[in-house]
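The structure appears right after this line, and notes come after that.
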Amino acid sequence: MEQTQKKVMYSAVQPSGNLTIGNYIGSVRNWVGLQQEFTGIFAIANMHAITVRQSPAELRRRTLELAALYLACGLDPEGCILYVQSQVPQHAELTWVLNTITYVGEMERMTQYKDKAAKHADNINMGLMDYPVLMAADILLYLTDYVPVGADQKQHVEIARDIAARFNNRYGETFRMPEPYIMAQGARIMSLQDPSRKMSKSDENPNASVYLADDKDTIIRKFKRAVTDSDNCVRAAEDKPGITNLLAIYCAFAGCSLAEAERAFEGKGYGDFKLAVGEAVADKLAPVQAEQRRLLADKAYLNGILSQGAERAYRIARKTLDKVYRKIGFYRGE
Ligand code: TRP
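Quick note, in my numbering, the sequence shown goes up one by one and the last residue is 335.
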């Protein structure tokens with residue numbers, strides 16, 4: 002991979018649950034917009050996914066679906082590296098080394114760990130606790146400059162920085178310091194049923210989240226049922242979280258500003274507005290869904306892209322891991 006002057010941007014998504022329009026607006030679509038400016042490295046984090054129970058068949062299917070989705074959204078497989086995490090063994094290898102300079106107490110304090118441990122109380126496995134170290138390994142292997150993340154992952158990027166600094170301190174300059182990259186247009190998409198909570202791919206209420214795989218009728222029905230308020234005036238306000246969220250979604254999908262959207266729906270009722278939001282979302286997703294289906298039907302092409310991605314990722318990761326092994330004094334058969 003030609004490492005010109007472009008900065009490296011690294012991100013990953015777990016192939017667990019179905020992606021929502023929140024994931025689309027907050028991550029995948031943004032990466033596509035940033036791939037000119039940065040060298041993009043994008044992983045499908047299946048090793049992270051197994052920290053909670055997964056059905057093997059589903060995990061495999063979702064991995065390919067996610068790869069097809071990235072491409073359908075416009076990720077250029079020549080310009081950036083798209084690969085599956087488990088196909089590059091250095092992720093697990095570097096995690097082991099980083100484990101030895103990471104403290105149990107630090108991991109126990111991670112917010113996401115505490116949440117997940119509470120949610121999966123019957124399966125608090127070592128991997129769940131080690132999740133942030135694997136994520137640090139992901140980021141540090143590729144000498145990443147920026148990690149585009151939402152608020153919920155910021156703590157993980159910070160711990161990756163702490164671990165990198167600790168390693169560099171102890172063994173000499175090795176890792177580049179990654180920085181969280183906060184998206185300019187950081188619309189946070191909230192649940193349609195409880196607008197105080199983030200829209201999630203693992204919500205139990207299927208009406209709470211709009212999935213990228215939903216068809217037009219489903220999308221329109223979900224928006225019709227979205228929780229709002231009784232004042233029947235389409236404007237954003239702190240005491241109108243439901244309508245504010247729908248406006249944010251409309252703006253993101255129709256490509257307009259909040260002021261423009263408010264003007265467009267002045268004097269209109271919630272029924273009309275909700276239908277317009279549903280249509281804007283469905284119309285934007287239709288070509289992406291069609292392209293994803295086309296790609297999924299062409300397994301040979303997809304497999305080719307992913308094996309090329311894994312090879313390119315491997316070449317970078319191996320160099321970093323070699324350096325790490327040298328620094329820590331691992332025998333290398335000289
Ligand atoms: N933990 C991230 C999430 O669930 C996914 C992830 C894994 C990631 N490795 C990463 C994100 C490295 C950024 C960089 O959203």
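Using N, Cα and C, we set each Cβ at its ideal position, and we do this for glycine too.
Check	Outcome
Inter-residue Cα distance where the pair is Val-134 and Thr-103	8 angstroms
Proximal residues to Leu-341 (C-beta, below 7 angstroms), its chain only, five neighbours per side dropped	Given that the chain is displayed from residue 2 to residue 335, the structure contains no residue 341 and the question cannot be resolved.
Between the CA atoms of Leu-35 and Ala-138 - distance to the nearest angstrom	23 angstroms
For Glu-79, the three-state DSSP class (helix, strand or coil)	coil
Proximity below 7 angstroms, CB of Thr-175 to CB of Lys-320	no
Beta-carbon proximity list for Lys-328, same chain, < 7 angstroms, skipping 5 on both sides	Tyr-172, Gly-173, Thr-175
Proximity of Ile-244 and Val-282 at Cβ, strictly below 7 angstroms	no
Same chain, Cβ closer than 8 angstroms to Tyr-143, five either side skipped, listed in chain order	Val-9, Tyr-11, Ile-42, Ala-314, Ile-317, Ala-318, Thr-321
Any non-hydrogen atom of the ligand TRP closer than 6 angstroms to Ser-201 Cβ	no
Cross-strand partners of Gly-41 (DSSP beta bridge)	Met-10
Cβ neighbour criterion (16 or more within 10 Å) applied to Ile-26	buried
Distance between Glu-38 and Lys-7 (C-alpha atoms, nearest Å)	7 angstroms
C-beta contact flag for Ser-203 and Gly-18 at 7 angstroms	yes
CA-to-CA distance, Val-98 to Tyr-212, given in whole angstroms	38 angstroms
Close Cβ partners of Glu-263 (< 6 angstroms) along its chain, the five nearest in sequence each way excluded	Arg-236
Alpha helix (DSSP H) runs contained entirely in the stretch 46-96, provided each spans 4 or more residues	47-50, 57-73
Classification of Gln-4 by the beta-carbon crowding that lies within 10 angstroms, buried from 16 upward	For Gln-4, the pLDDT reaches just 49, beneath the cut-off of 50, and the residue's location in the model is therefore unreliable, leaving the point undetermined.
First and last residue of the uninterrupted alpha helix (DSSP H) at Glu-263	259-265
Distance, Ser-28 Cα to Asp-146 Cα	17 angstroms
Residue of Arg-333, Gly-330, Arg-294, Tyr-332 minimising C-alpha distance to Ala-68	Arg-294
From Gly-305, Leu-95, Asp-232, residue whose alpha carbon lies closest to that of Ala-165	Leu-95
Met-130 in three-state terms, based on DSSP	helix
Selection from Ala-301, Glu-292, Ala-277, Ala-214 that minimises the alpha carbon distance to Asn-24	Ala-214
Tyr-246 vs Met-178 beta-carbon contact at 7 angstroms	The residue asked about is misnamed: residue 246 is Asn in this sequence, not Tyr. No, the Cβ-Cβ distance between Asn-246 and Met-178 is not below 7 angstroms.
DSSP bridge partner residues for Lys-199 (one or two, in chain order)	Met-191
Residue nearest to Glu-239 in terms of C-alpha spacing, selected from Ser-197, Arg-54, Asp-116, Leu-286	Ser-197
Cβ-heavy atom distance, Met-111 to the ligand TRP, below 6 angstroms	no
Proximity test, Ala-152 beta-carbon vs the ligand TRP heavy atom, cut-off 6 angstroms	no
Pick from Ala-311, Tyr-332, Ser-87 that is closest to Glu-79, judged by C-alpha positions	Ala-311
Alpha-carbon to alpha-carbon, Tyr-326 and Gly-334	12 angstroms
Buried/exposed call for Tyr-332, threshold 16 Cβ in 10 Å	exposed
The ligand TRP heavy atom lying under 6 angstroms from the CB of Gln-15	yes
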